[in-house]
Each structure stands twice: as structure tokens, then as C-alpha cells.
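Single-structure report; data block below.
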Amino acid sequence: MQELHDAPLAPLTTFRLGGPATRLVTATTDDEVIAAVREADAAGTPLLVIGGGSNLVIGDKGFDGTVLVVATKGVTLDGTGLELAAGEVWTDAVAACVEAGLAGIECLAGIPGSAGATPIQNVGAYGQEVASTITEVVAYDRRSGETVTLSNEECAFSYRHSRFKADPERYVVLRVRFRLEDADGMSGPVRYAETARVLGVAPGERVPLATARDTVLKLRAGKGMVLDPEDHDTWSAGSFFTNPILDDETFAAFRTRVRERLGDGVEPPAYPAGDGLTKTSAAWLIDKAGFTKGYGSGPARISTKHTLALTNRGDATTEDLLALAREVVAGVRDAFGITLVNEPVMVGVGL
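First residue of the sequence shown: 1, per the numbering used here; consecutive thereafter.
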């Protein structure tokens with residue numbers, strides 16, 4: 001187990017932001033992960049667990065405690081069953097499943113980060129989310145001091161949320177198990193309208209797995225959502241805000257605000273989100289509130305490719321990023337009465 005002191009954290013995040021860690025430990029086995037967690041808990045030391053660093057905003061002062069980097073490896077395919085060690089690179093796992101002819105996560109190609117983070121956030125994109133294929137999550141329970149196996153139902157998945165996100169101090173994910181589909185080399189049903197349009201198929205149809213994956217990668221790259229060290233539009237955490245889910249009363253008030261601001265014939269994006277709930281688009285809200293692609297004049301700006309991504313143009317600080325995020329939140333609230341919620345995890349800072 002590697003250990004460093006006063007170690008920079010910015011290089012471990014896709015934002016490339018954040019101050020140093022008092023102590024940085026890198027674990028390459030489940031036993032090392034558990035040992036590091038137990039040591040920190042026994043000493044009462046604050047603990048931050050990092051996988052791929054693609055969903056983190058770390059304060060400029062850094063983290064006064066132990067940062068644990070989970071770098072475990074292991075991919076096991078057994079029929080349609082898949083088990084991933086938490087430290088596995090997610091994009092590599094998707095590629096392996098496509099090559100093996102297994103459907104269910106091909107539209108999650110290009111999402112940065114590690115496999116262990118996917119159940120925490122219930123990662124989803126382009127009509128798929130991991131909740132639909134995860135069968136079990138093996139985790140270390142810091143409360144009981146034991147390794148536990150949680151079923152899909154016990155993970156309490158919902159939109160970009162889970163039991164792990166609801167109680168972030170309790171579980172450290174060790175392994176994630178999936179049940180995929182053997183559809184004779186074809187993808188799962190294409191459910192996302194944009195993907196179906198680009199593929200030239202109707203929603204619900206299937207296409208070859210590699211075609212689905214490659215199409216999603218091209219769509220993501222066009223929005224700056226595939227990591228590229230030379231492209232500052234990818235120095236981000238992907239989507240910075242979640243899509244708001246509104247009850248009927250709030251959505252009606254929102255529609256009124258839209259008409260008042262944009263005209264009687266304008267309707268906001270609306271998608272069913274359960275009984276009495278409607279999901280709308282954070283990207284649409286941001287754009288219509290006046291924060292267009294490339295907005296900003298400082299070192300932190302909205303992506304030139306996607307209004308939902310806030311980016312580090314190369315020499316930003318975390319405070320620069322937060323100032324931009326707060327400006328966007330305030331502008332959307334003033335325009336439409338909706339308060340956007342950040343998707344990345346905040347460490348030592350907040351909006």
C-alpha cells in the first residue's frame with residue numbers, strides 16, 4: 001500500500017482542482033482498502049475515498065485527513081454475469097462487455113471514473129442506468145466493521161441516487177456485480193431519442209452493440225464529455241447539475257414563468273418521472289436563463305460544447321468554479337423559480 005504525505009489531489013480529479021491531502025493512501029486489493037478504512041476510523045481521522053475522481057469538487061485548502069485511492073483490479077465474466085473490482089476503469093469494462101457480446105451498459109460508454117462509483121451515483125446516460133443491470137454490491141460497512149453484500153433492492157436506487165449516496169460515511173464499495181443480456185450481438189433496446197435519431201432507428205429497436213457504443217462515444221465527444229487532456233471542455237465533472245424533478249404544482253408554476261419570460265408558445269422540456277412528478281432539463285434552464293455555451297470571462301467557464309458542464313480552462317481554482325456555479329444557480333432561480341442541485345460531490349466546499 002503506497003502512502004504519501006501533503007500529496008496534491010488536483011491531478012486525481014477530472015476538474016484538476018483542489019488542494020493537497022494530509023495523507024494519501026493507494027490500495028490495490030480489497031484487504032488493503034478495508035485496512036486503510038479501519039485504520040482511519042480507529043484513529044478518528046477524516047476519510048475521503050477516491051476512485052476515478054470524475055465526480056468530485058475538492059476545496060482549494062485540500063483535505064485534512066486520509067484520502068484513500070481505490071486502485072483495485074479485476075474483471076470476471078461468467079455467462080451473462082459480470083463482476084468488477086471497484087477500482088476498474090469503467091470505460092474499459094464497457095468495452096470488454098461489448099467485445100463479449102453482452103448488452104446492458106453499452107450506452108454508458110465514455111463515462112469517466114471507476115466501476116465502484118457507478119452504484120453510488122446510479123450512473124446513467126443515453127437511456128441506460130446501472131440500476132437496471134446491477135444485481136449486487138459488495139461493500140465494507142464502516143458501522144458494523146464487516147463486509148456486506150447488498151442486493152439491487154437494498155441499494156435503493158433512484159435518479160442519480162442510491163443508499164450509498166444517502167449515507168456517504170457508511171459504505172466503501174469493493175465490488176459490483178451485474179447481470180447483462182446476450183442478445184446475439186445486439187444492443188439493448190435504444191431508449192434515448194437522440195441516440196435513436198442518430199442511429200436512424202425507432203425507439204425500442206436494437207442495433208449492433210459496437211454501433212451503439214461508438215455512436216454514444218461520438219455524441220459524448222461532441223459535447224466534451226469524453227476525457228481529453230488537450231481539450232479544456234473535458235476538464236469538468238460532466239454534467240454539473242441534475243435535471244430537476246418537479247411535483248405538479250411546482251411544474252405548473254414553472255410553466256407560467258416560462259411563458260412570462262419566453263412567450264406564450266414556449267413549452268419547457270417535460271418527461272414523466274413517476275406519479276405526479278415531471279422531470280425537466282437543467283441544460284435547457286441554464287441556456288434559457290442566459291448562460292449559453294462558453295459563458296464566462298474567467299478561468300472557469302461553461303463548456304463551449306455543452307451548457308451543463310462547468311469547466312476549468314487551465315488555471316482555475318475551486319473558488320473560481322464555485323463562483324460560476326453560484327452565478328448559474330442564482331440566475332436560473334431568478335428566471336424560473338427552480339433551484340439547481342449540483343451532481344458532483346463537494347469536499348470541504350458547498351454552493
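Quick reminder that beta carbons are idealized off the backbone N, C-alpha and C, glycines included.
C-alpha distance - T307 paired with D41, whole-angstrom precision: 40 Å
Boundaries (first-last residue) of the beta strand (DSSP E) holding V345: 345-347
Between the CA atoms of T234 and A356 - distance to the nearest angstrom: Residue 356 lies beyond the range of the chain shown here (1 to 351); nothing can be said about it.
According to DSSP, residues forming a beta bridge with T76: E83
Beta carbon of D247 nearer than 8 Å to that of L285: Going by beta carbons, D247 and L285 fall outside the 8 Å limit.
Through-space distance from V148 to V173, alpha-carbon basis: 10 Å
V57, enclosing beta strand (DSSP E) - first and last residue: 56-58
Secondary structure of I302, DSSP reduced to three states: strand
Delimiting residues of the alpha helix (DSSP H) encompassing A21: Judged by DSSP secondary structure, A21 falls outside any alpha helix (DSSP H) and instead within the beta strand (DSSP E) spanning 20-27.
Given P344 as reference, the closest of T28, A21, A27, N55 once Cα atoms are compared: When only C-alpha atoms are compared, the closest one is N55.
Option nearest P168 by Cα separation, candidates A270, T135, D141, E181: D141
Unbroken alpha helix (DSSP H) run spanning A283, endpoints: 282-288
Cβ-Cβ separation, N243 to T292 (assumed contact under 8 Å), whole Å: About 19 Å; that fails the 8 Å criterion.
Assigned secondary structure, V33 (DSSP; H/G/I helix, E/B strand, else coil): Secondary structure at V33: helix, using DSSP grouped into helix, strand and coil.
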